[in-house]
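*Asks:* In our numbering, the protein residues as written are 169 to 287.
Each residue gets a CB set at the ideal place from its N, CA and C atoms; glycine is no exception.
Predicted, not measured: the structure shown is a model, and the values here were computed from it.
Submitted below is the structure of interest, expressed as structure tokens.
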Amino acid sequence: MEKYKCIAIDDDLVYLEIFKKLAERVECIDLVGTFSSAIDGAVGVSKLKPDILFLDIEMPYLDGYETISTLESKPKIIIVSSHLEYETDELKIDVKKYVRKPLEGPEQLEQIVKEVMAE
Numbered sequence: 169m170e171k172y173k174c175i176a177i178d179d180d181l182v183y184l185e186i187f188k189k190l191a192e193r194v195e196c197i198d199l200v201g202t203f204s205s206a207i208d209g210a211v212g213v214s215k216l217k218p219d220i221l222f223l224d225i226e227m228p229y230l231d232g233y234e235t236i237s238t239l240e241s242k243p244k245i246i247i248v249s250s251h252l253e254y255e256t257d258e259l260k261i262d263v264k265k266y267v268r269k270p271l272e273g274p275e276q277l278e279q280i281v282k283e284v285m286a287e
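In structure tokens:
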């Protein structure tokens, strides 16, 4: 099975730990980095060149959309947030999927990855 390099950026440290545990249980994911700072995460995307970026919207300093605008080469972006009311048409071009937090389990995460990578 093909493995996709992934990064998660979220200022919620508890959520990042939960995401790590979920990702460990999904064979097609190779979680190469997690970042609690959007700035550090944007640098991580540049250095690690993931296939998929799981990104929160509401974060201090740079929000998710500002983070997307700083990326030179963009992986497939999945917004994972409890604030999906921020979904905007002009950014759908960069965002492959919007998912409500919290994820329900490894099966949902695997389904999301396969759906996004099949596009």
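Which whole runs of the beta strand (DSSP E) in the stretch 191-272 are 3 residues long or more, in chain order?
*Replies:* Counting only runs of 3 or more, we get 197-203, 220-223, 244-249, 263-268.
*Asks:* Compute the Euclidean distance between the alpha carbons of R171 and E195, then round it to the nearest angstrom.
*Replies:* The residue labelled residue 171 in the question sits at position 3 within the sequence shown. The residue labelled residue 195 in the question sits at position 27 within the sequence shown. Note on residue identity: the sequence assigns Lys, not Arg, to residue 171. Their backbone Cα atoms lie some 7 Å apart in a straight line.
*Asks:* Taking the alpha-carbon positions, what's the Q276 to D180 distance?
*Replies:* Here residue 276 refers to the residue found at position 108 when the sequence shown is read from its first residue. Here residue 180 refers to the residue found at position 12 when the sequence shown is read from its first residue. Spanning the two alpha carbons is a distance of roughly 20 Å.
*Asks:* Which one of Q279, E287, A286 has the shortest CA to CA distance from R193?
*Replies:* Within the sequence shown, the letter at position 25 stands for residue 193. For R193, the nearest C-alpha among the options comes from Q279.
*Asks:* Based on Cα-Cα distance, which residue from L184, S249, D198 lies nearest to Y233?
*Replies:* On the sequence shown, residue 233 is found 65 positions in, with the first residue counted as 1. The residue with the shortest Cα to Cα distance from Y233 is S249.
*Asks:* Give me the Cα-Cα distance between I207 and L230, rounded to the nearest whole angstrom.
*Replies:* On the sequence shown, residue 207 is found 39 positions in, with the first residue counted as 1. On the sequence shown, residue 230 is found 62 positions in, with the first residue counted as 1. Spanning the two alpha carbons is a distance of roughly 7 Å.
*Asks:* Considering only DSSP beta bridges, list what I176 is partnered with.
*Replies:* Position 8 of the sequence shown holds residue 176. According to the sequence provided, residue 176 is Ala. The question's Ile does not apply to it. T202, F222.
*Asks:* Return the residue from the list P228, D178, D198 that minimises the CA-CA distance to K269.
*Replies:* Here the question's residue 269 lines up with position 101 in the sequence shown. Checked all of P228, D178, D198; the closest Cα to K269 is D178.
*Asks:* If I measure Cβ to Cβ from F203 and keep anything under 6 Å in the same chain, skipping five residues before and after, which residues do I get?
*Replies:* What you label residue 203 is simply residue 35 of the sequence shown in a count that begins at 1. I177, G209, G212.
*Asks:* For L184, which residues of its own chain have a beta-carbon under 7 Å away from its beta-carbon, when the five flanking residues on both sides are left out?
*Replies:* Stepping through the sequence shown from its first residue, residue 184 is reached at position 16. Excluding positions up to five away in sequence, the list reads A176, D178, T202, S204.
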